[in-house]
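Just remember that our numbering sits 28 ahead of the position in the sequence shown, which is counted from 1.
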Amino acid sequence: MTDSQKLLAEYVETGSEPAFREIVTRYLNLVYSVAVRMMKGDTHRAEDVAQTVFADLARMARTLSSEVMLGGWLHRHTYHVAATILRSERRRQSRERQVAEMNALQDYSGVNFAHVAPVLDEVINELGTEDRMAILLRFFEQSDFRAIGHALGTNEDAAQKRVTRALEKLHSLLNQRGVAFSAAALGTALATEAVTAAPAGLAVSISFAALANGAVTGGTTLTLLKVITMTKLKFGIISAIAVTGVATPLLIQYQAQVKLRERDGALRQQADQLAQLTSENQRLSNFLVQAKTARPAPSDQSELLRLRAEVSRLRGNLQQKAAEASDPASISAKALAARAIQLKQRLEQIPDKRIPEFQFLAEKDWLDAVKNGDLDTDADYRKAFSELRSIAKRDFGNILRPALERYTQSHDGQLPNDLSELSPLMQPPVDDSILQRYSLLLTGNPPDLTRETLLVMETAPPVDEEYDTFYLFRLAGQRVTTLNPNIKDMLDAAKEYARANSGQFPSETAQLAPHLKEPVDEAMLRAFLNAFPPNATLRLK
Numbered sequence: 029m030t031d032s033q034k035l036l037a038e039y040v041e042t043g044s045e046p047a048f049r050e051i052v053t054r055y056l057n058l059v060y061s062v063a064v065r066m067m068k069g070d071t072h073r074a075e076d077v078a079q080t081v082f083a084d085l086a087r088m089a090r091t092l093s094s095e096v097m098l099g100g101w102l103h104r105h106t107y108h109v110a111a112t113i114l115r116s117e118r119r120r121q122s123r124e125r126q127v128a129e130m131n132a133l134q135d136y137s138g139v140n141f142a143h144v145a146p147v148l149d150e151v152i153n154e155l156g157t158e159d160r161m162a163i164l165l166r167f168f169e170q171s172d173f174r175a176i177g178h179a180l181g182t183n184e185d186a187a188q189k190r191v192t193r194a195l196e197k198l199h200s201l202l203n204q205r206g207v208a209f210s211a212a213a214l215g216t217a218l219a220t221e222a223v224t225a226a227p228a229g230l231a232v233s234i235s236f237a238a239l240a241n242g243a244v245t246g247g248t249t250l251t252l253l254k255v256i257t258m259t260k261l262k263f264g265i266i267s268a269i270a271v272t273g274v275a276t277p278l279l280i281q282y283q284a285q286v287k288l289r290e291r292d293g294a295l296r297q298q299a300d301q302l303a304q305l306t307s308e309n310q311r312l313s314n315f316l317v318q319a320k321t322a323r324p325a326p327s328d329q330s331e332l333l334r335l336r337a338e339v340s341r342l343r344g345n346l347q348q349k350a351a352e353a354s355d356p357a358s359i360s361a362k363a364l365a366a367r368a369i370q371l372k373q374r375l376e377q378i379p380d381k382r383i384p385e386f387q388f389l390a391e392k393d394w395l396d397a398v399k400n401g402d403l404d405t406d407a408d409y410r411k412a413f414s415e416l417r418s419i420a421k422r423d424f425g426n427i428l429r430p431a432l433e434r435y436t437q438s439h440d441g442q443l444p445n446d447l448s449e450l451s452p453l454m455q456p457p458v459d460d461s462i463l464q465r466y467s468l469l470l471t472g473n474p475p476d477l478t479r480e481t482l483l484v485m486e487t488a489p490p491v492d493e494e495y496d497t498f499y500l501f502r503l504a505g506q507r508v509t510t511l512n513p514n515i516k517d518m519l520d521a522a523k524e525y526a527r528a529n530s531g532q533f534p535s536e537t538a539q540l541a542p543h544l545k546e547p548v549d550e551a552m553l554r555a556f557l558n559a560f561p562p563n564a565t566l567r568l569k
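Right, dumping it as structure tokens:
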């Protein structure tokens, strides 16, 4: 019997709260990571899912086998809870989080975990029981091979082979979903990015709420989630007062260049808010004590459960805010958030800097766009807007490439005649206004087609010629280059040639040269043309 099985048995036999809290502490990061991926990076909803999962564990513990592998059960249950919630909220979803951690001006052929994340847990659940447990123990619970062997009833060498085979099967399933990279790269990505650290204080909050809800034997997962949601609504005013009072002064004071005197003032204001939160926490705690001493009527049971969860959450918030008051990383994060707000406000004043691909941007993308500098000059804003446009085009590429791969797989390797044919395969859906900004370079069934062949080219004019980048997409990734005067001149010349020659892309320097505004070195012209596939075409809108 493993340590986790012993803890579960202790909780089942004696109702030991310390044993259950230890289970939550051990497995919270695993559950939270799955929930974050399933919820497309929405950490608040991921916390709700995690709380529901552990509440279900507390409620269902007595029905589980004494030999249950908790890691596997929790992973599978988290996936099903999140999937149920997503199905019930399908009409409310507005975007799919496909954020790629890529650097501009590079070739992006490696593993992109943001592309893997949305399907990872679904694919893991398609594995056999032993293969799934091998993956979870190795990469999610971060066990060594000896511990894996013990859990699977075998030795260390056999466990290592089992993990290798399971990783190969997972790699094959991901390839079938259009996520293509090596098994070694998948192993590296799982080892470094599969587990996300849960927020501070969440373990305490979940343990308290789950143990409280463990007393309820009826109901469903969605019913329990509604209880959690109602808790947030009823006590949201308290949270809003505390969080707004703490965060708003910091956002205002750190929007400009931070001075020591202003920082001290912000901390003093935050201390006052913490004092108010402490007082409110104490009031609710006293209320809870009174509720415990009285024998609650059945109709009061749900209110008592909500109260316990809220007190636990407030305690966690109090600890977190106290830590943030002196944490440089927290101060830096708030300054970054202030710059992101500043960038959004500037964009509202100059909407012509937008591109349609902005609809795919997530909050993290705005933070990434301003993380490398302040917004003090017009040049700072131009650089930030250019970075934002580049991120948005990468996000479009992460939607385009899987759709293109699915199309070729279902059409015996044949390419579409127009990008509009990919629309039914794109998730989330892509507007025609975006598709018209790009052109297929090849159609039909061209010879020597590989995953490295350039297939789609950005044809829309740049918003900012000095700072913007130019994108080309292929099945294996994307290529990005800065629009220096020579590159822009050659691109414009190629488009002019294509317009005059029924969409045919130039293949010889002599075809390109007459359309150039300024003379370009022959070697540079040849290198430019060689980057494109033979017999390429451009369908300019």
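Ideal Cβ placement from N, Cα and C applies to all residues, glycine included.
- The three-state secondary structure of residue 77, taken from DSSP, is helix.
- Each residue's CA atom was taken as its position, placing residue 560 and residue 478 some 13 Å apart.
- Three or more Cβ pairs closer than 8 Å define a contact, and the region 439-447 falls short of that threshold against the region 404-420.
- In the DSSP assignment, residue 498 forms a beta bridge with 509.
- CA-CA distance, residue 62 to residue 34, rounds to 24 Å.
- DSSP assignment within the region 43-71 yields no whole beta strand (DSSP E) run of 3 residues or more.
- Restricting attention to 546, 492 and 98, the CA atom closest to the CA of residue 37 is found in 98.
- Counting C-beta pairs closer than 8 Å gives three or more between the region 92-107 and the region 64-83, which meets the contact rule.
- Between the alpha carbons of residue 474 and residue 194 lies a gap of roughly 36 Å.
- With a threshold of 16 other beta carbon atoms within 10 Å, residue 512 falls short and is exposed.
- Annotation: the continuous alpha helix (DSSP H) that includes residue 433 extends over 406-438.
- Taking C-beta atoms under 8 Å as the contact rule, residue 427 and residue 387 fail to qualify, at a distance of about 11 Å.
- Listed as beta-bridge partners of residue 466 by DSSP are 486.
- If the five residues before and after residue 470 are omitted, its C-beta is found closer than 8 Å to the C-beta atoms of 443, 477, 481, 483, 561, 563, 564 and 565, all from its own chain and listed in chain order.
- A contact between stretches requires three or more CB pairs, one per stretch, nearer than 8 Å, and the region 545-560 meets this requirement with the region 519-536.
- Contact between residue 435 and residue 447 is absent: CB atoms are separated by about 10 Å, not below the 8 Å threshold.
- With a contact defined as Cβ atoms closer than 8 Å, residue 461 and residue 568 miss out at about 15 Å.
- C-alpha of residue 510 to C-alpha of residue 405: approximately 21 Å in a straight line.
- Secondary structure note for residue 178: its alpha helix (DSSP H) is the uninterrupted segment 173-180.
- For residue 465, the CB contacts under 6 Å within the same chain, skipping 5 residues up- and downstream, are 488 in chain order.
- 8 Å or more divides the Cβ of residue 457 from the Cβ of residue 206.
- For residue 203 and residue 148, the gap between their C-alpha atoms comes out near 11 Å.
- Rounded to the nearest whole angstrom, the CA to CA distance from residue 555 to residue 422 is 24 Å.
- Non-local beta-carbon contacts of residue 383 in its own chain, meaning distances under 8 Å to residues more than five positions away in sequence, involve 417, 420, 421, 465, 488 and 491 in chain order.
- Relative to residue 172, the option among 188, 159, 501 and 182 whose CA is nearest is 188.
- The alpha-carbon separation between residue 433 and residue 344 amounts to approximately 46 Å.
- Taking a 10 Å sphere around the C-beta of residue 551, we find fewer than 16 other C-beta atoms and assign the residue as exposed.
- With a threshold of 16 other beta carbon atoms within 10 Å, residue 411 meets it and is buried.
- Beta-bridge annotation (DSSP): residue 532 is paired with 565.
- Across the structure, residue 396 and residue 183 are spaced so that their CA atoms are roughly 45 Å apart.
- Closest option to residue 114, judged by alpha-carbon separation, among 77, 86, 100 and 82: 77.
- Judged by their CB atoms, residue 40 and residue 73 are not nearer to each other than the 8 Å cut-off.
- In the structure shown, residue 98 falls within a helical segment according to DSSP collapsed to helix, strand and coil.
- Going by DSSP, residue 550 is part of the alpha helix (DSSP H) stretching over 550-558.
- Check the Cα spacing between residue 57 and each of 81, 338, 530 and 398: the tightest is with 81.
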